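J.: Quick note, the sequences are listed as chains B and L, same order. Heads up: the first sequence is residues 3 to 225, going by our numbering. Heads up: the second sequence is residues 18 to 433, going by our numbering. All C-beta atoms, glycine included, are put in the ideal place defined by N, C-alpha and C. Every value quoted in this text rests on a predicted model; they were computed, and no experiment measured them.
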Amino acid sequence: MKLLIVEDEQSLRETIEKYFTEEGSICEVCCDLKGALQKIAVYEYDCILLDIGLPDGDGFAILEYLKSSGKNECVLIISARNSLDDKIKGLNIGADDYITKPFHLAELKARLLAIFRRKTFGSNSLLNYKEISIDLSGRTVNVNDKEMTLTKKEYEMLLYFIANKGRVISKNAIAEHLWGDEMDMLDSFDFIYTHIKNLRKKLMELSGKDFFASIYGVGYKFI
Amino acid sequence: MKLAAHYNKASIIISVSVLLISAVVYYLTINHIVRQQLDSDLSEEVTEVIDYINVNHRLPKPIEFDEDLTTFKKTSVANFDTKFFDAPYANPKEKKTEPGRAVSALIKVNGDNYIVTIVESRENTEYLVQIISTITLILTVVLLVVLIVTNRYVLNGLWRPFYQLLDQVKWFSIADTNKIAAVETRVDEFSDLSDAVSKMSLRATTDYQGLKAFTENASHEMMTPLAIITSKLDMLIQDEQLGADQFAQITDIYSAASRLSRLNQSLLLLVKIDNNLLHDTEKQDIKTSILEKSQQFQEMLQNKYIGLNLALEPLEVNASKYLIDVLINNLFSNAIRHNKNSGSIKIKLSENKLIIQNTGDITPLQQDAIFERFYKSRTSDGTGLGLAIIKNICTLYHFEIKYEYADGMHSFIVVF
Numbered sequence: 003m004k005l006l007i008v009e010d011e012q013s014l015r016e017t018i019e020k021y022f023t024e025e026g027s028i029c030e031v032c033c034d035l036k037g038a039l040q041k042i043a044v045y046e047y048d049c050i051l052l053d054i055g056l057p058d059g060d061g062f063a064i065l066e067y068l069k070s071s072g073k074n075e076c077v078l079i080i081s082a083r084n085s086l087d088d089k090i091k092g093l094n095i096g097a098d099d100y101i102t103k104p105f106h107l108a109e110l111k112a113r114l115l116a117i118f119r120r121k122t123f124g125s126n127s128l129l130n131y132k133e134i135s136i137d138l139s140g141r142t143v144n145v146n147d148k149e150m151t152l153t154k155k156e157y158e159m160l161l162y163f164i165a166n167k168g169r170v171i172s173k174n175a176i177a178e179h180l181w182g183d184e185m186d187m188l189d190s191f192d193f194i195y196t197h198i199k200n201l202r203k204k205l206m207e208l209s210g211k212d213f214f215a216s217i218y219g220v221g222y223k224f225i
Numbered sequence: 018m019k020l021a022a023h024y025n026k027a028s029i030i031i032s033v034s035v036l037l038i039s040a041v042v043y044y045l046t047i048n049h050i051v052r053q054q055l056d057s058d059l060s061e062e063v064t065e066v067i068d069y070i071n072v073n074h075r076l077p078k079p080i081e082f083d084e085d086l087t088t089f090k091k092t093s094v095a096n097f098d099t100k101f102f103d104a105p106y107a108n109p110k111e112k113k114t115e116p117g118r119a120v121s122a123l124i125k126v127n128g129d130n131y132i133v134t135i136v137e138s139r140e141n142t143e144y145l146v147q148i149i150s151t152i153t154l155i156l157t158v159v160l161l162v163v164l165i166v167t168n169r170y171v172l173n174g175l176w177r178p179f180y181q182l183l184d185q186v187k188w189f190s191i192a193d194t195n196k197i198a199a200v201e202t203r204v205d206e207f208s209d210l211s212d213a214v215s216k217m218s219l220r221a222t223t224d225y226q227g228l229k230a231f232t233e234n235a236s237h238e239m240m241t242p243l244a245i246i247t248s249k250l251d252m253l254i255q256d257e258q259l260g261a262d263q264f265a266q267i268t269d270i271y272s273a274a275s276r277l278s279r280l281n282q283s284l285l286l287l288v289k290i291d292n293n294l295l296h297d298t299e300k301q302d303i304k305t306s307i308l309e310k311s312q313q314f315q316e317m318l319q320n321k322y323i324g325l326n327l328a329l330e331p332l333e334v335n336a337s338k339y340l341i342d343v344l345i346n347n348l349f350s351n352a353i354r355h356n357k358n359s360g361s362i363k364i365k366l367s368e369n370k371l372i373i374q375n376t377g378d379i380t381p382l383q384q385d386a387i388f389e390r391f392y393k394s395r396t397s398d399g400t401g402l403g404l405a406i407i408k409n410i411c412t413l414y415h416f417e418i419k420y421e422y423a424d425g426m427h428s429f430i431v432v433f
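(1) Taking a Cβ distance cut-off of 8 angstroms, strictly less, list which residues of the segment 199-223 of chain B are near chain L, in chain order.
(2) Does Ile373(L) come within less than 8 angstroms of chain B when only Cβ atoms are used?
(3) What span of residues does the alpha helix (DSSP H) with Tyr44(L) cover, start to end?
(4) Under a Cβ-count criterion, where at least 16 other Cβ atoms within 10 Å of its own Cβ denotes burial, should Asn174(B) be classed as buried or exposed?
(5) Which residues bound the beta strand (DSSP E) around Met426(L)?
(6) So the candidates are Ser39(L), Asn351(L), Val133(L); which of them puts its Cα closest to the Cα of Leu402(L)?
(7) Does the beta carbon of Gln282(L) come closer than 8 angstroms to any beta carbon on chain B?
(8) May I ask you to report which of helix, strand or coil DSSP gives Asp87(B)?
(9) Comparing alpha-carbon positions, which option in Asn94(B), Ile54(B), Gly61(B) lies nearest Ser81(B)?
(10) Cβ closer than 8 angstroms: which chain D residues qualify as neighbours of Lys187(L)?
(11) Does the beta-carbon distance from His179(B) to Tyr195(B) come in below 8 angstroms?
(12) Is Tyr21(B) close to chain L, meaning its C-beta is less than 8 angstroms from at least one C-beta of that chain?
(13) Since I believe Val143(B) is in contact with Leu152(B) (beta carbons under 8 angstroms), could you give me their beta-carbon distance rounded to a whole number of angstroms?
(14) With respect to the alpha helix (DSSP H) encompassing Ala235(L), which residues constitute its N-terminal and C-terminal limits?
(15) Counting only beta-carbon atoms, is Glu158(B) nearer than 8 angstroms to chain L?
(16) Considering Pro178(L), what are the terminal residues of the alpha helix (DSSP H) in which it resides?
(17) Would you say the beta carbon of Leu14(B) is closer than 7 angstroms to some non-hydrogen atom of the ligand ZN?
(18) Nearest to Lys155(B) by CA position, among Asp103(L), Gln315(L), Gln383(L), is which residue?
(19) My output table needs one value for Glu140(L): the three-state DSSP class, helix, strand or coil.
(20) Are the CB atoms of Asn366(L) and Tyr420(L) nearer to each other than 8 angstroms?
(21) Hey, is the segment 300-317 of chain L in contact with the segment 257-264 of chain L, meaning 3+ C-beta pairs nearer than 8 angstroms?
(22) Alpha carbons only, please: which of Val35(L), Pro105(L), Asp68(L), Ala328(L) is nearest the one belonging to Leu86(L)?
(23) If I follow the unbroken beta strand (DSSP E) through Glu115(L), where does it start and stop?
(24) Using a Cβ cut-off of 9 angstroms, pull out every chain L residue sitting near Ile18(B), in sequence order please.
(25) Please report how far the alpha carbon of Lys229(L) lies from the alpha carbon of Ile290(L), in whole angstroms.
(26) Looking at chain B, which residues of the segment 338-371 of chain L have a Cβ within less than 8 angstroms of any of its Cβ atoms?
(27) Counting pairs of beta carbons, one from the segment 97-115 of chain B and one from the segment 237-256 of chain L, are three or more of them closer than 8 angstroms?
(28) Counting only Cβ pairs nearer than 7 angstroms, list the residues of chain B close to Glu316(L).
(29) Using only the alpha-carbon positions, how far apart do Ser283(L) and Val343(L) sit?
(30) Hey, out of Ser275(L), Asn127(L), Phe433(L), whose CA is closest to Lys370(L)'s CA?
(31) At a CB-CB cut-off below 7 angstroms, which residues of chain L make contact with Val170(B)?
(32) Tell me whether Thr412(L) sits in a helix, a strand or coil according to DSSP, three-state version.
(33) Say whether chain B places a C-beta atom closer than 8 angstroms to the C-beta of His427(L).
(34) Tell me whether the segment 97-104 of chain L and the segment 113-132 of chain L touch, counting them as touching only if at least three CB pairs, one residue from each stretch, are closer than 8 angstroms.
Rendered as structure tokens:
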């Protein structure tokens with residue numbers, strides 16, 4: 003996946019770049035509106051990570067440019083403002099999703115993959131990972147061609163883990179993905195444990211393999 | 018009592034007492050003058066009698082004195098001081114007794130001593146006093162009426178700008194954008210007051226807006242560093258060389274960062290509610306919201322073995338979808354978080370009232386403090402802003418929020 007990261011905060015930009023590069027995506031970065039417009043005009047990208055608050059103007063200009071020049075890149079807006087108006091405006095002029103700072107890299111990755119998949123393969127898409135095969139439109143999961151019944155939370159969790167395969171995902175990131183602001187962190191950690199235990203057991207029954215590695219109480223890794 | 022009424026009262030009391038005192042003094046003075054006049058008349062009469070005796074060497078006949086009653090009494094006393102006194106006057110024409118003034122004096126006729134007593138009617142002079150008194154009384158009443166009317170209408174008119182200003186101050190809210198308008202008045206004090214109040218309100222509003230803008234900007238500015246912390250942590254935990262100790266510390270940093278982020282979001286939400294920045298107002302079905310939330314909180318309820326008892330009637334309220342969601346979410350999650358294991362939650366939604374009751378700590382909360390920002394119990398790990406947000410949402414939509422504690426149940430009541 004070829005990715006353009008438009009973010010003015012240097013260390014955030016570098017971290018995002020590192021996270022995505024290690025996973026195998028090709029990343030280009032730029033730190034202002036002018037640079038971003040130049041890059042978009044010349045190159046093609048699969049996805050653009052776009053910070054709305056840029057030093058030389060707001061990122062909506064890029065969305066407008068993409069729209070007017072008929073380009074079809076996936077755009078994920080990053081904003082420091084958790085503002086409904088901004089969100090609606092962004093989505094209306096062509097952004098595919100909206101994420102508010104602070105976010106977890108795992109969440110960013112999962113969101114980006116989701117919109118990329120939706121745009122590239124349409125709604126009819128199969129996601130395969132080792133023995134696991136997920137029909138994204140039907141929301142069904144097969145392991146070794148045997149159907150696996152999952153609860154809503156388990157399904158969401160599985161997708162989240164596959165998107166961030168081989169990475170350690172913190173419990174905080176999982177909690178925020180599954181419950182958002184609804185729940186206090188400490189409450190939700192118990193539930194994460196239960197959900198992972200169940201998912202792990204179901205996967206083991208069908209594949210005979212343990213996909214989860216627990217990392218010192220900080221989080222989990224899907225392998 | 019209003020200032021005008023106080024003023025009225027004082028001025029009336031003072032004017033009435035001054036008038037009464039002056040009426041008495043006036044009356045006494047006139048009476049005194051009239052009496053002196055009568056006495057000098059009577060002295061003249063006595064002189065006339067003496068003159069008559071000197072000329073005629075006999076007592077005059079009573080008939081010779083116009084209407085005055087003159088009597089002579091022979092006496093043996095040689096010394097007698099002339100004295101004046103009040104005596105009844107028997108009016109011979111009208112055959113009645115009138116108040117009169119008399120004089121008694123000693124006279125000598127051909128070597129005999131007589132006491133002559135002359136009585137004169139006071140009727141006419143009394144009448145004069147009465148007329149003067151009546152006029153004074155009428156004047157007093159007229160003066161009073163004029164005073165009252167003046168005070169009521171003229172003074173009230175004078176005070177009107179003051180009350181207009183007071184009204185505006187009463188309804189002034191620092192969060193509103195409408196300022197206190199200057200009132201028109203020719204009274205210098207009031208126009209000064211009006212100027213001062215409008216300036217003060219403008220300054221307060223500006224300061225408050227500045228403060229709010231500052232809170233909002235500060236919160237937003239904090240989001241980027243928080244994003245850096247979070248993403249760096251996300252990268253850090255990928256390092257396989259770290260040990261359990263480091264991971265334990267990272268977990269703590271994660272928690273702190275996430276708490277800070279929540280705190281920030283709550284502050285921003287408070288600013289948004291204060292500024293009424295959420296414009297997605299439409300009809301919200303409270304019953305559906307509660308049912309959705311109870312679905313979402315299913316796991317948490319089961320985890321603590323909390324029994325949920327719902328008695329919901331349909332209710333629609335005009336409000337922002339987001340804020341109603343926050344309102345119900347905060348109330349509901351509080352009821353779970355501060356509950357005990359195997360406790361219960363009762364949610365009752367009726368015509369215009371939402372009651373959320375839960376078991377929990379057996380001591381009531383501090384009713385007046387719980388809605389304050391950053392109030393929380395020692396054991397709570399929340400932001401301390403949840404109830405403040407609830408309160409602000411209720412204030413924004415003019416809902417009433419109450420807390421009650423009875424029979425081991427903590428109740429939060431929202432009256433829509």
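T.: Reading off the structure:
(1) Ile217, Tyr218, Gly219, Val220, Gly221
(2) no
(3) 20-73
(4) buried
(5) 426-432
(6) Asn351(L)
(7) yes
(8) helix
(9) Ile54(B)
(10) This model lacks chain D altogether; the protein chains it does include are B and L.
(11) no
(12) yes
(13) 6 angstroms
(14) 205-253
(15) no
(16) 173-188
(17) No copy of the ligand ZN occurs in the structure displayed, which carries no ligand at all.
(18) Gln315(L)
(19) helix
(20) Note on identity: in this sequence residue 366(L) is Leu, with Asn being the wrong assignment. No, the Cβ-Cβ distance between Leu366(L) and Tyr420(L) is not below 8 angstroms.
(21) no
(22) Pro105(L)
(23) 113-126
(24) Ser248
(25) 11 angstroms
(26) Tyr339, Asn346, Ser350, Arg354
(27) yes
(28) Phe193
(29) 10 angstroms
(30) Phe433(L)
(31) Ile254, Gln255
(32) helix
(33) no
(34) yes
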